Structure formats: C-alpha cells, structure tokens
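The structure under discussion appears below in the form of structure tokens.
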Amino acid sequence: MQWGMANRLAQLIQSDGHVLILPVDHGYFQGPTRRLEEPRKTIEPLLPYADGLFITRGVLRSCVDANNSVPVVLRVSGGTSMVGKDLANEGITTSMEEAIRLNVSAVGLSVFVGTDYEKESLLNLSKLVNEGERYGIPVMAVTAVGKELEKRDARYLALCCRIAAELGARVVKTYWCEDFEKVVTGCPVPVIMAGGPRVDTEREVFDFVYDGMQKGAIGVNLGRNVWQNDFPVAMIRALRAIIHEGATPVEAEEVYKSGQKEG
Ligand code: 5RP
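Note that the sequence shown covers residues 31 to 293 in our numbering.
Next up, the structure:
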C-alpha cells in the first residue's frame, strides 16, 4: 500500500485496529434530521470521543472549525432526497480535488445493490476508487438500503460488502445483522457497522455492537443511536468502552449510567 493511503487509514483506524466514526451526514438526503438540526451543536460535545467524522463538505465547512484535528471521512455521494423518486439514484457530488483541499482522511459513498440503480452506484464506486488510488485517498463504501430496512440480512449484506471490496473499497460500512460473521468472513477488507434508526434501549445498541466486534467488525459508524440519545456524550463514551477497551454490554451500561449522572 502507498504511504499516503496507509497513513490516512492509520489516522482513522487506531493502533488497536479499531475505530469509532461519528456520522453526521444524514442531512444530505433527509434535511434537518432530529437532533442534527444545528450540526455544530450536535457535533462539538462529541468530537473529543470520535476517531473520525463522516460528513459532507457543506456541513464540514460551515459547522466544524478548521483547527479541528479529528480525521474526516467525506461523504461524496448524493443528489437524491427523502421526498424524491428513488434514493438509490445517487451520483458523485464532490471531486477528489475538493477532498484533497479539505485535507480528508477518506471519502465515502453509498452503493445500492439490487436496485434499479445498482450498476450506476457500483460504477460510481469504481470511479471513486480509481481516483482515490491515484491520490492515496481510501474509499469507504456504504451498503445502503434506502427505505427498505428489512433488506438487512446476512445473505444480502454479505453480497453487498463483497462486491464493494472486489471493486476496490478499502473499508466497507454495513449494517449489523444476525449471523454477522458471514458478512465479515466474506469481505476481504475491514468492515464497520452502521447503526440505523434509533432503537428502543441503549442496551440493544451495546448488544449488537459487542456482537459485531466479537464477529470481526473493526468498529462503528453510528449516528442516530448516539446523538438522538438524551445523553449523547454518555452514549459515545460507552461505545468507546466496547470498541477500544473490550467492554461487555453490561460494562458499557455502567459507563453509560455514570455518564448520565455527570449530565
Ligand atoms: C446516512 C449514512 C449514515 O452515515 C449511516 O446510516 C450511519 O448513521 P446511523 O447510525 O444514524 O444509521 O450513511 O446516509
């Protein structure tokens, strides 16, 4: 691997081989998502606990100070919205030149396997990988399901992750699912877990993150279940305990509860 590529990946993936990325990119198709209405207010208290920030260029430039030292994964796909015809019909929104100007550690885009726009999104990934390899910028592929959350099973996600890795993604972000080991085993590059819509209890989040880590994921890219929680700092600290300290879900709950007391 080229030095620049290796160095950028090392900025994100910590010396223990694990990573906690905080995604705040949801507005690129959802608009002002609940508790991300004013991104700066959501992001600032959480930044000290994140190994990376998944974000669009617009929110990066307007809501994150340039002296911030948290590595950036730049969301570079989009062009669709919740109220439009098809979320899968994404294009590449941001040039590699811009990614370099913004001094990012990686770029990320969604692929929509099994949709009418499967080919376009996979060719978007291939094009981005070609450019990323030229400049030493890793590409994170996101296996997106749009509104069809029921698609999240091991067979489908393993298919998506493997295709993304075959096309050259350096890292793949996908959903946790039952039999998650099948997803990780079939994917020759590191797998990071997304969170999905907020679940009912903190414990459910700790359980799936712990299970995914045990089954070979290198970390999370988890947004709504952090910043839509009433105690987002307590939540991210508890997740850090699982990801970087090997805490069990019970131990993570303890971290969360003590964070709650601190407010
Ligand atoms: C939105 C994304 C998000 O980064 C991803 O879904 C993770 O966030 P969450 O945990 O809220 O699902 O790709 O398009």
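Where a beta carbon is used, it is the ideal one built from N, C-alpha and C, also for glycine.
None of these values were measured; they are calculated from a predicted model.
Expected contact under 8 Å - CB spacing of residue i and residue j to nearest Å
i, j, result
"V169", "R200", "6 Å"
"V137", "V103", "7 Å"
"A184", "C207", "5 Å"
"V221", "G246", "7 Å"
"V54", "L83", "7 Å"
"L139", "A171", "7 Å"
"A80", "I51", "7 Å"
"V229", "N255", "6 Å"
Cβ-based burial, residue i [other Cβ within 10 Å; buried from 16]
i, result
"R267", "buried"
"I43", "buried"
"A129", "buried"
"T231", "exposed"
"K181", "buried"
"L153", "exposed"
"A17", "An answer regarding residue 17 cannot be provided, because it is not within the stretch 31 to 293 covered by the chain."
"A40", "exposed"
"D209", "exposed"
"G225", "buried"
"V317", "Beyond the ends of the chain as shown, which are 31 and 293, falls residue 317; an answer cannot be given."
"G34", "exposed"
"E120", "buried"
"S151", "buried"
"A188", "buried"
Residues bridged to residue i [DSSP beta-bridge criterion]
i, result
"K203", "V172 and I222"
"L104", "I85 and V137"
"N251", "I51 and A224"
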